[in-house]
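**Q**
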Amino acid sequence: MTRFMLMLGVLCAPLLSLPAFGQTDFSNIVGHEKKPHKDTVLTTKPLPPAEAKRLEGKLHQIRDLLLATSALKSLHGYDWETFTTVKNHEDPARPVIASVTYIPFAYFKDPHSGKPISSEEGPPFSIHINDPEAILGQGAFNVDREARFVAEPPSSGQMSGFPVFTAQFVVMSKRGQPVFTPISQERFLTRLIEKSRKELDDINARFKGVKEDPAVTKREIESRQAALKSARAEQEQRWTTMQPKWPDRVAAERAKFDAKEKKALEEIEELKTSSPRQRFLKPVETRQKALEAELAGLSPAERAAPAYIPHGGSANKDRASGLAPPGATDGTRIVTINPALFDPKKPKSAIQLIILGTTMYSPRLFDEVQNQLDKTALMKLIE
287 MTRFMLMLGV LCAPLLSLPA FGQTDFSNIV GHEKKPHKDT VLTTKPLPPA
337 EAKRLEGKLH QIRDLLLATS ALKSLHGYDW ETFTTVKNHE DPARPVIASV
387 TYIPFAYFKD PHSGKPISSE EGPPFSIHIN DPEAILGQGA FNVDREARFV
437 AEPPSSGQMS GFPVFTAQFV VMSKRGQPVF TPISQERFLT RLIEKSRKEL
487 DDINARFKGV KEDPAVTKRE IESRQAALKS ARAEQEQRWT TMQPKWPDRV
537 AAERAKFDAK EKKALEEIEE LKTSSPRQRF LKPVETRQKA LEAELAGLSP
587 AERAAPAYIP HGGSANKDRA SGLAPPGATD GTRIVTINPA LFDPKKPKSA
637 IQLIILGTTM YSPRLFDEVQ NQLDKTALMK LIE
């Protein structure tokens with residue numbers, strides 16, 4: 287049961303870190319070979335029987351190719367386990383997604399009996415089917431989850447002619463479609479404006495029917511005025527003591543305090559002349575107008591150009607959107623999964639994309655596995 291729960295944990299968090307395992311080397315434990323286990327198949331909303339059988343056969347071929355690598359065939363002192371998963375994608379137009387996962391469990395000496403026993407955890411290595419989101423890991427769609435916008439994962443070269451993304455994800459397909467397509471500045475700004483309008487609607491809905499009490503506002507104003515007066519008196523007393531010895535420091539502190547006090551007084555004036563609803567709406571309305579002006583100010587070429595997150599990741603303060611300056615290409619593109627990645631005419635059970643998963647949790651073993659996998663045989667399974 288413990289190992290089954292671990293298996294489910296890997297399913298829910300395929301990038302689970304197991305630092306304890308990282309301290310283990312892959313040395314032999316004499317007399318204890320790895321034990322082959324029957325593959326476990328987990329399915330959610332399975333396919334019709336004929337399609338399910340067809341796909342399961344291909345998944346078992348992938349499993350056999352995985353187990354045939356010399357790195358795993360020569361791995362001793364380890365128990366191990368494999369399992370496959372099949373489930374529907376949330377987009378009904380997409381083929382089913384699946385995975386084949388291998389986990390080694392190192393043997394260690396029982397501190398009580400002194401006998402070698404198998405551990406209950408180990409680093410997973412998965413081969414992902416029709417699942418480009420696997421490349422994104424837990425940070426999937428970190429720019430806009432609802433719109434499925436993400437900062438483009440860095441490319442790290444090729445393996446056997448196939449593109450490799452950060453964390454050593456190797457992407458294999460026959461159609462040669464790119465995994466990600468860029469989001470244009472126009473599309474990104476339009477999305478931000480759409481979200482801003484929705485936020486305005488939500489604020490108006492929350493305040494609908496809410497009665498405003500002038501007495502509450504009056505108490506808030508008086509409280510803030512009293513706090514400012516008290517803070518000013520306290521600082522003046524402190525500065526009087528400091529002035530003879532540190533006049534420059536007093537001048538610098540006074541300038542900062544004056545600026546903060548000025549802003550606080552402006553906020554108090556705003557409390558006197560506006561309602562709570564207006565104050566909530568103001569920053570959203572201001573940003574929306576700025577976004578609309580930004581979009582209107584772009585040339586046709588700039589509208590069609592890819593949207594970039596500025597180099598370093600910090601928002602560009604000169605643009606309401608936070609994007610890099612128009613024409614900049616030294617940041618990170620905002621992308622989404624390529625809508626043309628899969629052929630909708632093929633059966634839902636068709637394998638159209640194979641991704642050799644990350645090796646980061648045990649590079650000494652799984653880098654070898656990735657290199658040794660029979661890519662020609664895997665390509666024959668792709669339709």
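The numbers in the working numbering rise by one with no breaks, and the one at position 283 of the sequence shown is 569.
We treat Cβ as the ideally placed atom computed from N, Cα and C, and that holds for glycine.
All values reported here derive from a predicted model rather than from experimental measurement.
How many Å lie between Asp604 and Thr371 at the Cα?
**A** 47 Å
**Q** My output table needs one value for Leu577: the three-state DSSP class, helix, strand or coil.
**A** helix
**Q** For Arg380, which of Leu639, Lys460, Gln529 has the nearest alpha-carbon?
**A** Leu639
**Q** Short check: CB of Ile620 to CB of Phe474, under 8 Å?
**A** yes
**Q** Please classify Val502: is it buried, with 16 or more other beta-carbons within 10 angstroms of its beta-carbon, or exposed?
**A** exposed
**Q** Tell me, which residues are paired with Pro449 by DSSP?
**A** Per DSSP, Gln444.
**Q** Classify Gly363: buried if its beta carbon has 16 or more other beta carbons within 10 angstroms, exposed otherwise.
**A** buried
**Q** Identify the continuous beta strand (DSSP E) that holds Ala338 and give its terminal residues.
**A** Ala338 -> not in any beta strand (DSSP E); alpha helix (DSSP H) instead, spanning 335-353.
**Q** For the pair the segment 376-394 and the segment 411-424, tell me if three or more CB-CB distances fall below 8 Å.
**A** yes
**Q** Drop a sphere of 10 angstroms on the beta-carbon of Asp629, count the other beta-carbons inside from all chains shown, and report buried for 16 or more, exposed for fewer.
**A** exposed
**Q** Would you mind reading off the limits of the beta strand (DSSP E) that contains Met458?
**A** Looking at the DSSP string, the run of the beta strand (DSSP E) that includes Met458 is 455-458.
**Q** Can you find the residues in the same chain that come closer than 6 Å, C-beta to C-beta, to Pro440, ignoring five residues on each side of it along the sequence?
**A** Thr452
**Q** If you reduce the DSSP assignment to three classes, tell me which class Lys632 lands in.
**A** coil
**Q** By DSSP, does Leu642 sit in helix, in strand, or in coil?
**A** strand
**Q** Check whether the segment 654-666 touches the segment 432-450, counting contact only when three or more Cβ pairs, one atom from each stretch, lie closer than 8 Å.
**A** Contact between the segment 654-666 and the segment 432-450 is present: three or more C-beta pairs spanning the two stretches fall below 8 Å.
**Q** Ile637 by DSSP, collapsed to three states: which one?
**A** coil
**Q** Residue range of the beta strand (DSSP E) that Val327 falls in?
**A** Judged by DSSP secondary structure, Val327 falls within the beta strand (DSSP E) whose first and last residues are 326-330.
**Q** Over what stretch of residues does the beta strand (DSSP E) that includes Phe411 continue unbroken?
**A** From DSSP, the beta strand (DSSP E) with Phe411 extends over 411-415.
**Q** Taking the alpha-carbon of Glu342 as reference, which of Ala663, Lys546, Ala636, Lys548 has the nearest alpha-carbon?
**A** Ala636
**Q** Have a look at Asn428, Glu367, Gln347 and flag the residue whose alpha-carbon is nearest the alpha-carbon of Lys666.
**A** Gln347
**Q** For Ala590, which option in Ile403, Thr467, Ala420, Val457 has the closest C-alpha, if you only look at C-alpha atoms?
**A** For the options Ile403, Thr467, Ala420, Val457, the alpha carbon positioned closest to that of Ala590 is the one of Thr467.
**Q** Name the DSSP bridge partner or partners of Lys401?
**A** In the DSSP output, where bridge partners are listed per residue, Lys401 has none listed.
**Q** Going by DSSP, which residues form a beta bridge with Glu367?
**A** Ile389
**Q** To the nearest angstrom, report how far apart Gln529 and Phe493 are at their CA atoms.
**A** 50 Å
**Q** Kindly indicate which three-state DSSP category Thr662 falls into: helix, strand or coil?
**A** helix
**Q** Just how far apart, CA to CA, sit Arg650 and Ser600?
**A** 35 Å
**Q** Starting from the C-beta of Lys632, find all residues in its chain whose C-beta is less than 8 Å away, skip the five residues before and the five after it, and write them out in chain order.
**A** Pro381, Gln638, Glu669
**Q** Classify Gly598 as buried or exposed, calling it buried when 16 or more other Cβ atoms lie within 10 Å of its own Cβ.
**A** Exposed.
**Q** Using a Cβ-Cβ cutoff of less than 8 Å, which residues in the same chain neighbour His318 once the five nearest sequence positions on both sides are dropped?
**A** The pLDDT assigned to His318 is 44, lower than 50, so where the model puts this residue is not dependable; a value taken from the coordinates is nonetheless given after this. Closer than 8 Å at Cβ, skipping near neighbours: His362, Gly363, Tyr393, Pro402.
**Q** Where in the segment 466-498 do unbroken runs of the beta strand (DSSP E), each at least 3 residues long, occur, reported from the N-terminal end onward?
**A** Listed in chain order, the complete beta strand (DSSP E) runs (minimum 3 residues) inside the segment 466-498 are 466-468.
**Q** Under the assumption that Ile641 contacts Phe455 (Cβ atoms under 8 Å), give the Cβ distance between them as a whole number of angstroms.
**A** 6 Å
**Q** Since Leu577 and Ile469 should fall inside the 8 Å C-beta cutoff, what is the C-beta to C-beta distance between them, to a whole number of angstroms?
**A** Leu577 to Ile469, Cβ: 15 Å. No contact.
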